[in-house]
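Residue numbers (numbering that gives the first Met the number 0): 0 to 269.
A quick write-up on the structure given underneath.
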Amino acid sequence: MPDERVVHDCGVPRLREPELDEILAFCAEDPIERVFLEDIARRGLGRFTTLEEDGRLKALCHSGANLVPSGEGCGAFAALATGSRARMIIGEQGAVSALWEAARHEMPSPRADRPSQPVYVLETLPAPGETGLREAAPEDFDLLLPACATAHREEIGIDPLERDAEGFRWRTRAQIEKGRSWLWVEDGTILFKAEASAWTSRAVQLQQVWVDPAVRGRGYAQRGMRDLCRCLLAQVPTVCLFVRSENAAAIRVYEATGMRHTIFYRSLIF
0 MPDERVVHDC GVPRLREPEL DEILAFCAED PIERVFLEDI ARRGLGRFTT LEEDGRLKAL
60 CHSGANLVPS GEGCGAFAAL ATGSRARMII GEQGAVSALW EAARHEMPSP RADRPSQPVY
120 VLETLPAPGE TGLREAAPED FDLLLPACAT AHREEIGIDP LERDAEGFRW RTRAQIEKGR
180 SWLWVEDGTI LFKAEASAWT SRAVQLQQVW VDPAVRGRGY AQRGMRDLCR CLLAQVPTVC
240 LFVRSENAAA IRVYEATGMR HTIFYRSLIF
């Protein structure tokens with residue numbers, strides 16, 4: 000009986016489940032664009048499928064709560080998309096676009112389509128922000144949970160405490176316990192916070208950069224970013240993140256911190 004995981008096209012390309020060392024070698028070819036894929040592979044989360052041609056891995060796709068494709072020929076992962084209940088398809092713009100074009104006729108329309116999201120990177124130390132930034136502690140959970148939920152709602156348009164309260168509470172607590180959450184608090188107000196969505200030996204990818212709305216426009220975001228990047232660049236060579244193209248205020252903060260734009264991501268939200 001043929002292996003159902005294998006798909007042939009003119010006898011050359013095929014889909015299969017990769018070994019960890021193959022995933023890591025693929026990610027090493029572009030460690031910034033693929034930072035999330037490497038991080039999640041090392042943690043053994045979700046399922047990976049590769050597209051192989053002539054003995055070479057051309058593309059990789061992670062299947063979990065989200066679908067994250069990368070590489071060339073990602074339209075080959077269409078069956079993964081149509082058979083999943085992914086909340087998002089997200090990743091490098093060309094890879095996401097190829098997958099979506101191949102799968103769109105068998106999938107519901109996305110609630111939001113966000114192309115051309117710039118990816119920013121920083122490799123040199125910015126000037127000190129002189130903040131009270133620190134790593135979050137377990138006792139910060141009750142303060143951080145509503146802030147993280149608000150940041151998620153502002154970014155995605157869904158309240159995670161309504162959609163999956165238990166899961167979101169677990170993920171927020173896990174970020175704190177793993178040293179992937181930072182904040183700057185004064186008088187009970189969060190002047191700056193951020194989390195790491197991925198962490199490898201080559202890069203840290205940040206997410207949910209947020210300042211309490213009551214104190215926005217006072218320069219806290221830029222100062223907090225500078226101090227967070229200084230902290231992280233002492234541990235890895237690159238800090239990166241991606242941002243909605245219309246979020247001009249955030250882009251000004253990142254560029255003022257010294258970050259430079261590299262590639263584009265695209266997000267399809269269902």
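We put the beta carbon where it would ideally sit given N, CA and C, even for glycine.
Inset, instruction - Let me know the secondary structure DSSP gives glycine 280 once reduced to three states. - result: Residue 280 lies beyond the residue range present for the chain, which begins at 0 and ends at 269; the question has no answer from this structure.
Inset, instruction - Below 7 Å CB to CB, which residues in the same chain sit around alanine 80 once its five sequence neighbours on both sides are set aside? - result: Counting from one through the sequence shown, the residue named residue 80 turns up at place 81. Result list for alanine 80: Leu66, Ile88, Leu98, Ala102 and Met106, in chain order.
Inset, instruction - Taking only runs that begin and end inside the region 167-238, name each unbroken beta strand (DSSP E) of 3 or more residues, in chain order. - result: 180-185, 188-198 and 202-209
Inset, instruction - Grab me the residues of histidine 7's own chain with a C-beta within less than 7 Å of its C-beta, minus the 5 sequence neighbours each way, in chain order. - result: Position 8 of the sequence shown, counted from the first residue, corresponds to residue 7. Any answer about histidine 7 is weak, because its pLDDT of 45 lies below 50 and its placement is not dependable; what the coordinates show is given next. For histidine 7, where only same-chain residues beyond five positions count, the Cβ hits under 7 Å are Arg13.
Inset, instruction - Kindly indicate which three-state DSSP category arginine 243 falls into: helix, strand or coil? - result: The residue you call residue 243 lines up with position 244 of the sequence shown. Three-state result, arginine 243: coil.
Inset, instruction - Reducing DSSP to helix, strand and coil, say where leucine 111 ends up. - result: Here residue 111 corresponds to residue number 112 of the sequence shown, with the count starting at 1. Sequence inspection shows alanine at residue 111; the leucine mentioned does not correspond to that position. Alanine 111: strand per DSSP, three-state reduction.
Legend entry - Reduced DSSP secondary structure (H/G/I, E/B, other) of glutamate 32: Sequence index remark: in the sequence shown, residue 32 carries index 33 (1-based). Coil, per DSSP.
Inset, instruction - Leaving out five residues on either side along the sequence, give the residues of the same chain with a beta carbon under 8 Å from the beta carbon of arginine 4. - result: For the purposes of this step, residue 4 is taken as the residue at position 5 of the sequence shown. Caution is warranted here: a pLDDT of 44 is assigned to arginine 4, below 50, making its placement in the model unreliable, and the coordinate value is therefore given only provisionally. Around arginine 4: Leu14, Arg15, Glu16 and Thr48.
Inset, instruction - From the DSSP output, in three-state form, read off histidine 7 for me. - result: Taking the sequence shown and counting its residues from 1, the one referred to as residue 7 is at position 8. Note on histidine 7: pLDDT 45, under 50, position unreliable in the model; no value is reported.
Inset, instruction - With a floor of 3 residues, list each beta strand (DSSP E) that falls wholly inside the region 89-171, ordered by position along the chain. - result: 111-121
Legend entry - Nearest-angstrom Cα separation, counted from alanine 64 out to aspartate 2: In the sequence shown, the residue the question calls residue 2 occupies position 3. In the sequence shown, the residue the question calls residue 64 occupies position 65. Because aspartate 2 sits at a pLDDT of 41, beneath the cut-off of 50, its placement in the model cannot be relied upon, and the following sentence gives the value as read from the coordinates. If you take the alpha carbons of aspartate 2 and alanine 64, they lie about 25 Å apart.
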